[in-house]
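Chemist: Mapping of the sequence shown onto mature numbering (1 follows the signal peptide of the UniProt record, and there is no 0): residues -19 to -1, 1 to 527, in sequence order. Sending over a structure as structure tokens; questions will come in a sec.
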Amino acid sequence: MKLSATLGALALPIIAIAGTPNESFDSREATIDGVHNAIFSGLTSCRDVVSSFISRIEAFNPTINAIITLNPNALTIADDMDAKFASGNVTGSLFCIPVLLKDNYDTEDMNTTAGCLDLAGNSPLIDALTVTAFKKAGAIILGKTNLHELALEGLSVSSLGGQTVNPYDHTRTPGGSSGGTGAAIAASFAVFGTGTDTVNSLRSPASANSLFSFRPTRGLISRAGVVPISYTQDAVGALARNVKDLAVALTVMSSVGYDPNDNATSLIPSSSVGVDYSEDVYGGTLKGLRFGLVEGFFNRTESNETTPVTTSMAEIVLLLRSAGATVVSINETVYNATAIGLLDVQTSEFREQMDKYLKMSSDGGTRPSTLNELYGSSKFLVIPSQYSFVNTALKSSTGYSTYPALRLGIQNLTTTLGTTFSANKFDAIIYPEQKNLVVKIGSPSQSGRNGILAALTGSPVLTVPIGFSPPTGDAPIGIPIGMEILGLPWSEGKLLNIASHIAGLKHVRRMPSFANGTVEVMAYASVPTILPNPRNIPSVYPIGTL
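Encoded structure:
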């Protein structure tokens, strides 16, 4: 049965649910509270909620290519949820909430590919701990999203999934590496989604898709069961369309607590155990808060690619000051994203981390046993700007003489950042996630991003939408622009409260116009098959070349 869709940027929020008596649930911009209100008031069923999101994916994924696979059990799980609701057995903060996972999270019912053809048969036998936490909270894992291959860049193109397209401008990338999740959540393919972040990868797609995201303090959330890159820099987190949903996602993901499979979780203080971060969304004020503005994270050259960013940041600074906050420029030369990037330890840790993951005996299916075997298979994509990175990573290790010096540099940077906070009595520091607009498809790299500071220091950081570039023929409502709010370790609650106030003062989030239309929701007998779409890989990115 084919799906029909009526598109229109100004369409009213009305959805026709084919084959059911319920016609009131609209999955566009749906929230956790909205889904629960619709179900608990009897306006819709869990199956209809899941079907509505699947229908949006069928209608709009061919344009943006964000989904690698759908969970074949999603509708069966939804039916079980409906049975529980009918019997009064409703538990969990995410009861019947459809969630999408970046396809580097292990799942027992779907392969985990990291977008790589050579991992297409990787079939984990157990879920990542964060996935288990989602299921325990009642979430329905709807499917897996595309990513930049092995999460190594920010363009979101892979040998298995192809090129994901920015839903606001189809000539541009969606950021990355979690670009599949960013594009999918922007287009309302689920209520929220997950990503990973080694340098910029949660925050880049949030900025480029008018979303909120968090990268937690190092150690707050276990990374076990996620395809790794760097023990030092890897983090897991979520992307959502509003602060409240982001806070609930953080609450569930951090509920895992200490995990012996991720030693970083031993750092969690007792004050951060069992926290309900959704409570931090309410109350408080911006008045009296002190923010540091990192001047070294701007490109002040005027152009169509940079001026919209500096303009949007200037508007936010005025907004903060009008709300009674103090904003102080940080001009210390140490805060230069390019210079800080020289401390990146990915190449030293990547091969060892991947070899450990690939050799785990708890996983099933077919896959290479080492990183060298993977890159010897010709079933992968490495873009030209990554050739040096991969060739170095295949030879490097934490035993190299340069590694201790890099770790010392990271320690010194972390100390300097703490001193900057204490000397200025800052509550947070702010800066644009990217100095320029998200880059065009076919670009050699996602240039201009500022995420390295949080990645190296392990600091918590939230990304919030702050504006759009002027509309163009390719971007009917403009291209989204985001800001990072970075805090001291374990200050996630404070950052969420700040983000909530900013969102309340200036509502920026907008749907992409191409997907803002009515969709006929089908009465599915089973979950339709969504196939990866590698056909649209730009010709400048040859598959299997080093």
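Cβ atoms here follow ideal geometry from the backbone N, Cα and C, with glycine treated the same way. None of these values were measured; they are calculated from a predicted model.
Would you say the beta carbon of Asn242 comes nearer than 8 Å to a heavy atom of the ligand MN?
Modeler: As for the ligand MN, it is missing from this structure, which has no ligand bound.
Chemist: Between Val489 and Leu183, what straight-line distance do the alpha-carbon atoms span, to the nearest angstrom?
Modeler: Val489 and Leu183: Cα-Cα distance of roughly 19 Å.
Chemist: Measuring CA to CA, which of Pro461, Gly135, Ile483 and Pro509 is closest to Asn190?
Modeler: Pro461
Chemist: Tell me where the alpha helix (DSSP H) around Met464 begins and ends.
Modeler: Not the alpha helix (DSSP H): Met464 falls in the beta strand (DSSP E), residues Pro461 to Leu467.
Chemist: Just to confirm, is the Cβ distance from Val371 to Ser185 under 9 Å?
Modeler: Result no, Cβ atoms of Val371 and Ser185 do not sit closer than 9 Å.
Chemist: Is the segment 500 to 509 in contact with the segment 443 to 455, if contact means three or more CB pairs nearer than 8 Å?
Modeler: no
Chemist: Note down the Cα distance separating Asp336 from Thr373, rounded to an integer number of angstroms.
Modeler: If you draw a straight line from the Cα of Asp336 to the Cα of Thr373, it comes to about 15 Å.
Chemist: Please look up how many angstroms separate the CB atoms of Ser140 and Leu362, rounded, as I've assumed it's under 8 Å.
Modeler: 4 Å
Chemist: How about the segment 170 to 184 and the segment 71 to 82: do they share at least three Cβ pairs that are nearer than 8 Å?
Modeler: Judged by Cβ distances under 8 Å, the segment 170 to 184 makes contact with the segment 71 to 82, as three or more pairs qualify.
Chemist: What does DSSP give as the partner residues of Ile48 in its beta bridges?
Modeler: BP columns for Ile48 point to Thr126.
Chemist: May I ask you to report which of helix, strand or coil DSSP gives Met91?
Modeler: In the structure shown, Met91 sits in a strand (DSSP, three-state: E or B).
Chemist: Please report the Cβ distance between Tyr356 and Leu339, rounded to the nearest whole angstrom; I am assuming they are in contact, meaning their Cβ atoms lie under 8 Å.
Modeler: With a Cβ gap of about 12 Å, Tyr356 and Leu339 do not count as contacting.
Chemist: Should the segment 320 to 330 be regarded as contacting the segment 56 to 74, the criterion being three or more beta carbon pairs within less than 8 Å?
Modeler: no
Chemist: Based on the DSSP secondary-structure assignment, which residues constitute the bridge partners of Tyr86?
Modeler: Val207
Chemist: Between Val308 and Ile49, what straight-line distance do the alpha-carbon atoms span, to the nearest angstrom?
Modeler: Their backbone Cα atoms lie some 43 Å apart in a straight line.
Chemist: Straight-line CA distance for Ile321 to Glu333?
Modeler: 23 Å
Chemist: Would you call the segment 231 to 239 and the segment 99 to 115 touching, i.e. three or more CB-CB distances under 8 Å?
Modeler: yes
Chemist: Considering only the alpha carbon of each residue, which of Leu131, Ala55, Ser188 and Asn42 lies closest to Asp29?
Modeler: Ala55
Chemist: How many angstroms separate the CA atom of Val275 from the CA atom of Gly474?
Modeler: 22 Å
Chemist: By Cβ distance, which residues of its chain are closer than 6 Å to Asn242, with the 5 residues on each side in sequence left out?
Modeler: Ala205
Chemist: Can you tell which of Arg199, Thr266, Pro413 and Pro513 has its C-alpha closest to the C-alpha of Pro470?
Modeler: Arg199
Chemist: Under 8 Å, with one C-beta from each stretch per pair, do the segment 125 to 139 and the segment 90 to 105 reach the 3-pair mark?
Modeler: yes
Chemist: Using only CA atoms, which one of Arg388, Lys225, Val256 and Arg430 lies nearest to Ile483?
Modeler: Among Arg388, Lys225, Val256 and Arg430, the Cα nearest to that of Ile483 is on Lys225.
Chemist: Where does the unbroken beta strand (DSSP E) through Ala120 begin, and where does it stop?
Modeler: Counting along the chain, Ala120 falls outside any beta strand (DSSP E), and DSSP gives it neither H nor E.
Chemist: CB-CB under 7 Å to Val16, same chain, minus the five flanking residues each way: which ones, in chain order?
Modeler: Val30, Cys77, Ile78 and Val172
Chemist: To the nearest angstrom, how far is it from the Cα of Lys421 to the Cα of Asn46?
Modeler: 16 Å
Chemist: Please return the same chain residues whose Cβ sits closer than 7 Å to the Cβ of Ser481, not counting the five positions on each side in sequence.
Modeler: So the qualifying residues of the chain are Val224 and Val262.
Chemist: Quick check: Phe449 and His151, are their CB atoms within less than 9 Å of each other?
Modeler: Against a cut-off of 9 Å, the Cβ pair of His151 and Phe449 comes out as no contact.
Chemist: Can you say whether Met341 is buried or exposed, counting buried as having 16 or more other CB atoms within 10 angstroms of its CB?
Modeler: exposed
Chemist: Distance check for Val233 and Asp257, CA to CA, integer angstroms please.
Modeler: 8 Å
Chemist: Out of Val71, Ser159 and Ala168, which one is the CA nearest neighbour of Asp7?
Modeler: Ala168
Chemist: Output yes or no for whether 9 Å exceeds the beta carbon distance between Lys487 and Phe278.
Modeler: Annotated as distal: Lys487 and Phe278, with beta-carbon spacing of 9 Å or more.
Chemist: Between the C-alpha atoms of Pro385 and Leu131, what's the straight-line distance to the nearest angstrom?
Modeler: Each residue's alpha carbon lies about 25 Å from the other.
Chemist: Taking only the alpha-carbon atoms, compute the straight-line gap between Gly73 and Ile13 and give it to the nearest angstrom.
Modeler: 12 Å
Chemist: Going by DSSP, what residue range makes up the beta strand (DSSP E) through Val326?
Modeler: Segment: none, Val326 is in no beta strand (DSSP E) and carries neither H nor E.
Chemist: Who are the Cβ neighbours of Gly163 in its own chain at under 7 Å, not counting the five residues just before and after it?
Modeler: So the list reads Pro155, Gly156, Pro186, Ala187, Ala189, Asn190, Leu192 and Leu220, once near-sequence residues are dropped.
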